[in-house]
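> Would you mind keeping the following structure in view while I ask a few things?
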């Protein structure tokens, strides 16, 4: 209905409302990335409370800071690399 009305403000001037169905783009669903769900309702990731030795905890903390990512992202990266090699 609104497409057939003219705009008094000229907002629709020079706009083409003829949609060609062949131009529709397919959107690929991406998996949730680490750090993108905090504070968003209904956006939860699986969690595990884990204990690390002092030396491993220090390595995770230092290496993740050096790379500029969170500790969680770093540990997930390690697990992803290990899974790909196995």
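Numbering (the UniProt record's numbering), first residue to last: 1 to 86. Backbone N, C-alpha and C define an ideal beta-carbon position, used for all residues, glycine too.
Considering only residues of the same chain and omitting the five flanking positions on each side of residue 75, which have a CB-CB separation below 7 Å?
By 1-based counting over the chain shown, the position of residue 75 is 75. Answer for residue 75: 60, listed in chain order.
> Looking at C-alpha atoms only, which residue of 54, 62, 66 and 72 is the closest neighbour of residue 46?
Walking along the chain shown from the start, residue 46 turns up at place 46. The candidate whose alpha carbon is nearest that of residue 46 is 72.
> Have a look at 78, 48 and 63 and flag the residue whose alpha-carbon is nearest the alpha-carbon of residue 55.
The count along the chain shown starts at 1 and reaches residue 55 at position 55. Measuring from the Cα of residue 55, the nearest candidate turns out to be 63.
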